[in-house]
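Student: Sequential numbering of the sequence shown, starting at 640, is according to this note's numbering. Ideal Cβ positions, reconstructed from N, Cα and C, are used throughout, including at glycine. Remember, predicted model here, so these are calculated numbers, not experimental data.
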Amino acid sequence: MTEARDGLLRVVTVRSPLLLRLEGEADLSNRDLLSAALRAMTAPGTSDLHVDLGRLAFIDVGGLLLLRRAEQALARQGRRLRMHGVPPVARKAMRLLDWETPAVEGATP
Numbered sequence: 640m641t642e643a644r645d646g647l648l649r650v651v652t653v654r655s656p657l658l659l660r661l662e663g664e665a666d667l668s669n670r671d672l673l674s675a676a677l678r679a680m681t682a683p684g685t686s687d688l689h690v691d692l693g694r695l696a697f698i699d700v701g702g703l704l705l706l707r708r709a710e711q712a713l714a715r716q717g718r719r720l721r722m723h724g725v726p727p728v729a730r731k732a733m734r735l736l737d738w739e740t741p742a743v744e745g746a747t748p
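Given below as structure tokens:
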């Protein structure tokens, strides 16, 4: 397990199962941190990426777009982005962005 953080966002990564947990607030001020974590987790591999948003208080549209791009990168590899604990407001924003809701699941693995 590794961890990176700034003033508002904590990013925890686990390699088995492949998990990215976001805690706090994801916005423009920490976009580089989120982008770097997603780039590392979508590098070529074989397993799906689980993203836990259950401890996320806020995510802006830019953060959602980064997740969407990660989903697309994984799909090109035959992998999936599986989201857990997606707050209702984030689900609504995904619909407004015409993002067919990715695999949204209950508990984090």
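Taking the C-alpha atoms as reference points, what is the distance between Leu648 and Asn669?
Tutor: For the purposes of this step, residue 648 is taken as residue 9 along the sequence shown, with counting starting at 1. For the purposes of this step, residue 669 is taken as residue 30 along the sequence shown, with counting starting at 1. C-alpha separation (whole angstroms): 7 angstroms.
Student: Take Val690 as the anchor and find which of Leu677, Phe697, Gly701 has the nearest alpha-carbon.
Tutor: The sequence position of residue 690 within the sequence shown is 51, counting from 1. Nearest of Leu677, Phe697, Gly701 to Val690, Cα basis: Leu677.
Student: Using only alpha-carbon positions, find the residue among Arg734, Arg644, Gly717, Glu662 that is nearest to Gly683.
Tutor: Counting from one through the sequence shown, the residue named residue 683 turns up at place 44. Inspection of the sequence shows that residue 683 is occupied by Pro rather than by Gly. Closest by alpha carbon: Gly717.
Student: For Arg660, which three-state DSSP category applies?
Tutor: Numbered from its first residue, the sequence shown carries residue 660 at position 21. Here Arg660 sits in strand by DSSP.
Student: Where does Glu710 fall in DSSP's three states?
Tutor: Here residue 710 refers to the residue found at position 71 when the sequence shown is read from its first residue. Glu710: helix per DSSP, three-state reduction.
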